[in-house]
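In the working numbering, the protein residues as written are 2 to 380. From the three backbone atoms N, C-alpha and C, an ideal C-beta is built for every residue, glycine too. Everything numeric in this text was worked out from a predicted model, so none of it was measured.
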Amino acid sequence: MQQKITALFQQVHGRAPAFITRAPGRIEFIGNHTDYNGGTVLGASIDRGVWVAVAPRTDGKRRFFSEYAGKVVELGADVTAKQTDEASWINYPLGVLMALPAFKLKAPEGFDYAAVSNLPTGAGLSSSAAIELASGIAFLALTDQHPNRETLVKIGKHAENNFVGVPCGILDQGVSGFGKKDHLVFIDCKGPRFDAVPLPESAHFWIFNTHTKHALVDGLYAARHRECMEAAQALGVSLLVEATPADVEAANGKLSAEAFKRAKHVVDEIARVDQAVVALKKSDLDAVGRLLTASHCSSQNLFENSTRELDFLVDKLTATLNVYGARLTGGGFGGAVMALTSPAFGDSQALTIADAYEQRFGARPDILHMKTGDGAERL
Ligand code: ADP
Ligand code: MG
Numbered sequence: 002m003q004q005k006i007t008a009l010f011q012q013v014h015g016r017a018p019a020f021i022t023r024a025p026g027r028i029e030f031i032g033n034h035t036d037y038n039g040g041t042v043l044g045a046s047i048d049r050g051v052w053v054a055v056a057p058r059t060d061g062k063r064r065f066f067s068e069y070a071g072k073v074v075e076l077g078a079d080v081t082a083k084q085t086d087e088a089s090w091i092n093y094p095l096g097v098l099m100a101l102p103a104f105k106l107k108a109p110e111g112f113d114y115a116a117v118s119n120l121p122t123g124a125g126l127s128s129s130a131a132i133e134l135a136s137g138i139a140f141l142a143l144t145d146q147h148p149n150r151e152t153l154v155k156i157g158k159h160a161e162n163n164f165v166g167v168p169c170g171i172l173d174q175g176v177s178g179f180g181k182k183d184h185l186v187f188i189d190c191k192g193p194r195f196d197a198v199p200l201p202e203s204a205h206f207w208i209f210n211t212h213t214k215h216a217l218v219d220g221l222y223a224a225r226h227r228e229c230m231e232a233a234q235a236l237g238v239s240l241l242v243e244a245t246p247a248d249v250e251a252a253n254g255k256l257s258a259e260a261f262k263r264a265k266h267v268v269d270e271i272a273r274v275d276q277a278v279v280a281l282k283k284s285d286l287d288a289v290g291r292l293l294t295a296s297h298c299s300s301q302n303l304f305e306n307s308t309r310e311l312d313f314l315v316d317k318l319t320a321t322l323n324v325y326g327a328r329l330t331g332g333g334f335g336g337a338v339m340a341l342t343s344p345a346f347g348d349s350q351a352l353t354i355a356d357a358y359e360q361r362f363g364a365r366p367d368i369l370h371m372k373t374g375d376g377a378e379r380l
């Protein structure tokens with residue numbers, strides 16, 4: 002990919018790049034909608050991501066290119082408006098540029114920019130955080146600034162929340178920024194505090210991407226966010242992380258049926274994350290798998306962010322030999338299912354599940370056998 006981005010940059014901008022960066026996508030391992038509730042989450046950075054190349058310009062022009070969009074868009078350094086239509090992908094790097102002053106960092110004026118990716122977009126693997134972090138490191142290299150990793154993560158989140166306008170928590174950028182091969186990233190979102198948890202070698206990840214997306218997904222995500230905040234308020238806490246499972250049980254009947262279900266999902270899920278860390282430290286993948294599947298059941302019944310396609314895949318996977326557990330990964334309302342398997346799970350079993358899915362839904366899911374990879378870096 003490094004060769005590819007170098008060649009592409011040369012082709013598009015007619016010269017060599019000055020800096021090349023890379024940031025990985027991520028799998029939400031467990032901790033569903035816990036991040037913006039101040040809870041804990043485990044994620045895996047994967048060996049796929051976004052590569053960005055840049056070189057400075059002295060005329061103040063910012064020339065953006067991504068293989069994904071296929072054409073150069075030129076903006077003056079004074080352009081602060083959100084981009085639309087086929088240029089809307091530029092809101093991710095532009096949002097990063099716009100975020101820098103909030104962190105007392107300087108944005109580069111003119112530059113040439115190119116991006117390539119080997120991540121599916123919109124598959125719940127967080128290509129958006131990957132492009133934010135790869136862009137952030139590239140822009141900081143252009144201006145010879147060296148903030149710490151945590152600041153970089155916060156810049157990406159700031160861009161996504163405030164410029165792109167997605168109210169995501171710190172999971173996506175935190176895992177892309179702090180990822181480590183053969184490890185999971187544990188995030189205590191309230192700090193935030195980041196930690197690496199070793200992953201047993203025999204743990205394998207498979208992703209089944211359904212390419213389904215609920216038409217109202219943005220609105221549904223915002224609605225769940227709002228419902229969680231309302232539930233916290235009704236429980237007398239500022240964020241749901243401050244309520245225990247017992248507090249929520251005790252409020253059953255006092256909370257609306259909906260608020261109760263959302264709150265129960267979140268506090269139980271936070272407890273599952275902590276249990277998963279304990280089980281991982283003992284290399285007890287059976288226990289980890291049970292927690293993953295329990296997380297999915299909670300999404301299905303309490304948080305109501307699953308779909309019949311995702312439920313179908315989880316049912317098939319958990320009934321298959323060599324699968325420890327499976328759950329929807331990412332925001333839900335469509336997207337992808339992750340399975341944790343032993344090395345004995347292979348293509349033939351994955352294809353059997355894809356066949357069954359196709360028979361039922363008339364389309365095939367994409368199957369990705371994922372490896373963990375290192376976090377965002379300058380190459
Ligand atoms: P996810 O983060 O799960 O992949 P999002 O909808 O949050 O899905 O982000 C996808 C968006 O990120 C794309 O629509 C595009 O605007 C932007 N993006 C991701 N990767 C690239 C890329 N390589 N080049 C340009 N834009 C990208
Ligand atoms: Mg995203």
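Candidates D86, G125, R225, T294: which alpha carbon is nearest A260's?
R225
Taking the Cβ atom as the reference point for each residue, do L9 and F30 lie within a distance shorter than 7 Å?
Cβ atoms of L9 and F30: not closer than 7 Å.
Quick one: what's I354 bridged to in DSSP?
DSSP lists no partner for I354.
Please find out if some non-hydrogen atom of the ligand ADP comes closer than 6 Å to the beta-carbon of Y69.
yes
DSSP beta-bridge partners of M2:
According to DSSP, which records beta bridges pairwise, M2 is partnered with nothing at all.
Report the option in A160, S257, G170 whose CA atom is closest to the CA atom of C190.
G170
Separation of S129 from V154, as counted between CA atoms:
12 Å
Taking 6 Å as the cut-off, is the beta-carbon of S300 closer than that to any non-hydrogen atom of the ligand MG?
no
Would DSSP call H184 helix, strand or coil?
strand
When you compare only the Cα positions, how much space is there between I208 and A340?
6 Å
Closest to K255 by C-alpha separation, out of G237, V242, G332, would be which residue?
G237
Residues whose Cβ lies closer than 5 Å to any heavy atom of the ligand MG, in chain order:
S127, S129
Among R16, G335, Y358, nearest to L217 - alpha-carbon criterion:
G335
Tell me which residues share the same chain as A19 and place their Cβ nearer than 6 Å to its Cβ, disregarding the 5 neighbours each side in the sequence.
Here the set comprises A56.
Does DSSP classify T152 as helix, strand or coil?
helix
Quick check: is any heavy atom of the ligand ADP less than 6 Å from the C-beta of W90?
yes
Pick from W90, F112, S136 that is closest to R23, judged by C-alpha positions
S136
Could you check whether F195 and G180 sit closer than 7 Å to each other, using their CB atoms as the reference points?
No Cβ-Cβ contact shorter than 7 Å links G180 with F195.
Return helix, strand or coil for E87, following the three-state DSSP convention.
helix
Cβ pair count under 8 Å reaching 3, the region 100-112 against the region 33-47:
Counting Cβ pairs under 8 Å, fewer than three are found: no touch.
Can you tell me the Cβ-Cβ gap for G157 and A337, rounded? I've got them flagged as a contact below 8 Å.
Between G157 and A337 a beta carbon distance of about 21 Å is seen, past the 8 Å cut, so the two are scored as non-contacting.
Exposed unless 16 or more other CB atoms sit within 10 angstroms - verdict on Q301
buried
Between the region 267-282 and the region 312-321, do at least 3 Cβ pairs fall closer than 8 Å?
The region 267-282, when compared against the region 312-321, does not touch it at the 8 Å Cβ threshold.
Taking buried to mean at least 16 other C-beta atoms within 10 Å of its own C-beta, is H147 buried or exposed?
exposed
According to DSSP, is I171 part of a helix, a strand, or is it coil?
coil
Within the chosen definition, does the region 346-361 reach the region 305-317 through at least 3 CB pairs nearer than 8 Å?
yes
Whole-number beta carbon distance between G61 and A78, since they are thought to touch under 8 Å:
5 Å
Which runs of the alpha helix (DSSP H) spanning at least 4 residues fall entirely within the region 190-228, listed in chain order?
none
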